[in-house]
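The structure appears right after this line, and notes come after that.
Protein chains in written order, with the working numbering: chain A, 110 to 320; chain B, 354 to 630.
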């Protein structure tokens with residue numbers, strides 16, 4: 110029964126991957142074309158269309174809101190700068206993710222704090238807002254688990270973190286993740302496997318220790 | 354497939370990251386192995402928690418502020434284009450012509466000024482210049498001259514005018530019996546006299562200095578490199594225009610009195626200043 114459930118989950122994931130592949134196929138978006146030609150209004154629309162995704166990815170990679178905001182700003186500046194070089198045959202989302210990864214790498218190196226700690230976020234007031242969204246016990250437990258997972262995420266190496274964020278949280282296929290990170294699919298699979306194992310071990314240690 | 358191999362594949366199996374054949378092998382193993390199935394379930398639970406991580410919802414105010422900052426930065430970069438992009442926008446042939454004329458004029462002025470500076474500099478730049486002393490006065494104390502020169506002869510600066518042969522002393526001006534010295538009259542000791550002496554002393558092919566009146570102090574004579582140390586002695590002039598001859602000028606305590614001494618250069622005394630010291 111459990112194996113059947115797992116198999117159905119795997120089928121669902123494959124379906125999501127197919128949908129992503131459909132949506133991420135190279136296309137000539139008129140907004141992108143206009144933004145490339147220097148249309149400020151079109152670039153503003155482009156920013157509006159991608160701002161949430163860019164901010165969320167940067168937050169997952171950097172671990173705190175302030176760095177994520179700075180990184181997103183830099184991402185759009187680089188996007189404007191390099192947009193004339195963008196090849197319309199490329200997948201725009203993948204191209205944008207590559208910029209996000211590079212910028213987050215630079216921001217993390219510049220700040221010296223590669224991963225913000227959970228405590229830092231709690232002191233900044235971001236996490237309590239997430240935790241107190243629902244007062245029910247179940248929601249509190251889920252929030253606690255999320256906090257643990259975020260803490261576990263901060264223990265990963267930069268490459269493992271980027272790989273698992275893009276693969277599991279952004280839902281990109283492994284080959285696309287490999288293209289964005291500039292490595293092979295085999296390497297990315299290895300990084301993802303290691304990252305999942307580390308997260309599970311951290312979570313198990315935390316939950317079993319709490320019990 | 355054994356449990357060890359399956360355990361390694363489970364982290365990728367739960368998200369369908371394996372090849373089709375590997376997926377089937379792991380699936381078959383999980384149906385048969387209860388322990389591995391439990392591990393897979395734990396991984397799925399962990400993965401569910403991980404996937405549930407949601408990024409904070411950013412306020413619209415934050416987003417608007419971020420976009421405004423980006424647009425402002427873009428406007429800053431576009432209003433200040435780099436030189437390579439700026440130049441073609443202001444380029445016209447009239448401006449280019451005016452700029453080239455201005456450049457030519459500027460370079461001409463610079464070259465003219467540089468040539469003028471070179472002309473004012475001495476021809477023999479390797480020699481040290483010694484500040485000239487005022488013209489000699491007819492009043493010279495004999496004991497002072499003796500203290501400097503002993504029994505050596507003192508020559509007048511104007512000697513070279515009447516007899517350009519170097520080192521030659523006119524008998525009428527020298528009394529060897531008493532070591533008495535006849536001193537030139539003030540009106541005869543002029544800068545032109547000194548200039549003539551310098552010209553006569555200079556070897557062939559070496560330019561002599563024109564008389565300079567820097568502060569009314571007289572002329573400047575070139576010094577041979579061997580006499581450079583003597584220049585450090587105050588009020589002392591050494592001239593060695595020819596290898597055989599030395600000319601020494603002494604300024605006494607009285608600024609109006611100067612002693613000029615010409616003597617054949619001796620091989621042992623290559624640096625007259627050393628002898629004096």
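Cβ atoms here follow ideal geometry from the backbone N, Cα and C, with glycine treated the same way.
Beta-carbon proximity of residue i to residue j, cut-off 8 Å
i, j, result
"residue 189 (chain A)", "residue 289 (chain A)", "no"
"residue 631 (chain B)", "residue 186 (chain A)", "This structure cannot speak to residue 631 (chain B), because chain B is shown only from 354 to 630."
"residue 304 (chain B)", "residue 392 (chain B)", "With chain B covering only 354 through 630, there is no way to say anything about residue 304 (chain B)."
"residue 217 (chain A)", "residue 262 (chain A)", "no"
"residue 424 (chain B)", "residue 305 (chain A)", "no"
"residue 410 (chain B)", "residue 258 (chain A)", "no"
Sequence-distant residues of its chain with Cβ nearer than 7 Å to residue i (five each side left out)
i, result
"residue 323 (chain A)", "A question about residue 323 (chain A) goes unanswered here, because the residues of chain A that appear run from 110 up to 320."
"residue 303 (chain A)", "269"
"residue 192 (chain A)", "144 and 145"
"residue 278 (chain A)", "169"
"residue 315 (chain A)", "257"
"residue 357 (chain B)", "none"
"residue 375 (chain B)", "362"
"residue 204 (chain A)", "195"
Integer-rounded CB distance, given that residue j should sit under 8 Å from residue i
i, j, result
"residue 160 (chain A)", "residue 416 (chain B)", "5 Å"
"residue 177 (chain A)", "residue 164 (chain A)", "6 Å"
"residue 601 (chain B)", "residue 618 (chain B)", "Rounded, the Cβ-Cβ distance is 11 Å, inconsistent with contact."
"residue 389 (chain B)", "residue 383 (chain B)", "6 Å"
"residue 402 (chain B)", "residue 312 (chain A)", "7 Å"
Outcome for residue i when other beta-carbon atoms lying within 10 angstroms are tallied against a minimum of 16
i, result
"residue 472 (chain B)", "exposed"
"residue 614 (chain B)", "buried"
"residue 168 (chain A)", "buried"
"residue 462 (chain B)", "exposed"
"residue 89 (chain A)", "Chain A is shown from 110 up to 320; residue 89 (chain A) falls before or after that span and cannot be answered."
"residue 507 (chain B)", "The predicted model places residue 507 (chain B) with a pLDDT of 45, which falls under 50 and marks its position as unreliable; any figure quoted below should be read in that light. Classification for residue 507 (chain B): buried."
"residue 450 (chain B)", "exposed"
"residue 419 (chain B)", "buried"
"residue 183 (chain A)", "buried"
"residue 454 (chain B)", "exposed"
"residue 310 (chain A)", "exposed"
"residue 459 (chain B)", "exposed"
"residue 368 (chain B)", "buried"
"residue 213 (chain A)", "buried"
"residue 611 (chain B)", "buried"
"residue 281 (chain A)", "buried"
"residue 209 (chain A)", "buried"
"residue 274 (chain A)", "buried"
"residue 174 (chain A)", "buried"
"residue 605 (chain B)", "buried"
"residue 317 (chain A)", "exposed"
Residues near residue i in its chain [Cβ-Cβ closer than 8 Å; skip 5 each side]
i, result
"residue 297 (chain A)", "272, 276, 283, 286, 287 and 290"
"residue 140 (chain A)", "151, 154, 155 and 158"
"residue 293 (chain A)", "287"
"residue 307 (chain A)", "261, 264, 265 and 269"
"residue 379 (chain B)", "354, 359, 362, 363, 366 and 371"
Close beta carbons around residue i, own chain, < 6 Å, minus the five adjacent residues each side
i, result
"residue 377 (chain B)", "none"
"residue 181 (chain A)", "163, 164 and 167"
"residue 147 (chain A)", "none"
"residue 422 (chain B)", "none"
"residue 616 (chain B)", "599"
C-beta neighbour in chain E for residue i, strict 8 Å
i, result
"residue 207 (chain A)", "Any reference to chain E falls outside this structure, whose protein chains are A and B."
Which residues, taken in chain order from the segment 416-428 of chain B, show a beta carbon closer than 8 Å to some beta carbon of chain A?
-> 416, 419, 420, 422, 423, 424, 426 and 427
Checklist entry - At a Cβ cut of 7 Å, what residues of the segment 452-472 of chain B count as close to chain A, listed as they run along the chain? => result Residues of the segment 452-472 of chain B whose Cβ lies closer than 7 Å to any Cβ of chain A: none.
Along the segment 248-259 of chain A, where does the CB come closer than 8 Å to a CB of chain B? Name the residues.
251, 254, 255, 257, 258 and 259
- Task: Select from the segment 263-283 of chain A all residues with a C-beta closer than 7 Å to any C-beta belonging to chain B, and list them in chain order.
- Result: Listed by position along the chain: 277, 278 and 283.
Using a beta-carbon distance cut-off of less than 7 Å, what residues from the segment 294-305 of chain A approach chain B?
298, 301, 302 and 305
Positions along the segment 378-409 of chain B whose CB lies within less than 8 Å of some CB in chain A = Residues 380, 383, 384, 390, 393, 394, 395, 396, 397, 399, 400, 402, 403, 404, 405, 406, 407, 408 and 409.
**Q.** Residues from the segment 181-197 of chain A in contact with chain B, defined by Cβ distance under 7 Å
**A.** 181, 182, 185, 186 and 189
task: Output, in sequence order along the chain, the residues in the segment 365-377 of chain B whose CB is closer than 9 Å to any CB in chain A.
output: 365, 366, 367, 368, 369, 370, 371 and 376
Report task. Can you give me, in chain order, the residues of the segment 167-182 of chain A that have a beta carbon less than 7 Å from any beta carbon in chain B? Result -> Within the segment 167-182 of chain A, 168, 169, 174, 178, 181 and 182 place their CB atoms closer than 7 Å to a CB of chain B, listed in sequence order.
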